[in-house]
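Numbering (the UniProt record's numbering), first residue to last: 1 to 181. Data first, discussion second: the structure below is written as C-alpha cells.
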C-alpha cells in the first residue's frame, strides 16, 4: 500500500509544471490588458489633439478683422498638421461667426466648413443655443466646432469613437470678424 501512495505524494509535491500552467492562464489576460492600455493612451492623445485643434482654429480666426476662404484653408491646413500623427481624413472642422443684434437675436453671419461636422449651421440661420454670457446683445463671437472619428488600431470590430469639441472666442481686434462679399 505504501508503494501505491508514493507516486501520488510525489505528484502533489512536484511544482515544476505549475509555473507553465499559471503562465498559460495569465499571459492572454496580461496581453489584453497591455494592448488595451496602449489603445486607451492613443485615444486620449487623439482627443487632446482635437481639443487643441479646436481652440487653435477658433483663436486664429478671432485674431483677424476680416477673413476669407484662402485664410480659412490655411488655418485648416495648420489644424491637420496639429493632428499628426493621426490621419486627417476623419477630421471635421467648422468655423462660423454669430452676431447678436440690439434685441439679442443671434444670427450666423458666415460659415466655413470642412468635411462639415453634424452641428455646423447654415449662414443666416438664427441660433438659440449660444449662452448670453458668451454672446451679449450687440456683439459677436467666433465659434469653432470639430469632430474626429477615432478608429482603434487593435479593434476587432472596427468600431470607432467620435470626439467632439466646441469653443467660443470673442473677436480680438474688431467687434466682428467680417467675411468679404
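Glycine residues also receive a C-beta, built at the ideal position from the N, C-alpha and C atoms. Remember, it's a predicted structure, so these values are computed and weren't measured experimentally.
- About 13 angstroms separates the beta carbon of residue 135 from that of residue 177, a gap too long to meet the 8 angstroms contact definition.
- Cβ neighbours of residue 165 within its own chain (closer than 7 angstroms, five residues either side excluded): 50, 51, 54, 146.
- Closest in alpha carbon position to residue 79, among 68, 70, 69, 91, is 91.
- Beyond the five residues adjoining it in sequence on each side, residue 127 comes within less than 8 angstroms, by CB distance, of 98, 106, 107, 108, 121 in the same chain, given in chain order.
- As for any beta strand (DSSP E) of minimum length 3 sitting wholly inside the stretch 101-131, the runs are 106-114, ordered along the chain.
- The continuous beta strand (DSSP E) containing residue 141 extends over residues 140-150.
- Boundaries of the alpha helix (DSSP H) around residue 71: 69-82.
- Bounds of any alpha helix (DSSP H) do not take in residue 162; it lies within the beta strand (DSSP E) bounded by 161-169.
- A residue is called buried once 16 or more other Cβ atoms fall within 10 Å of its Cβ, and residue 32, having fewer, is exposed.
- Within the same chain, 145 come within 7 angstroms of residue 119 by CB-CB distance, once the 5 residues on both sides are set aside.
- Residue pairing of residue 92 in beta bridges, as defined by DSSP: 147.
- According to the DSSP assignment, residue 55 belongs to the alpha helix (DSSP H) that extends over 18-62.
- By the Cβ-count criterion, residue 45 is exposed, with fewer than 16 other Cβ atoms from all chains shown falling within 10 Å of its own Cβ.
- Less than 8 angstroms divides the Cβ of residue 111 from the Cβ of residue 96.
- Cβ-Cβ separation between residue 163 and residue 47: approximately 5 angstroms, consistent with a contact (criterion under 8 angstroms).
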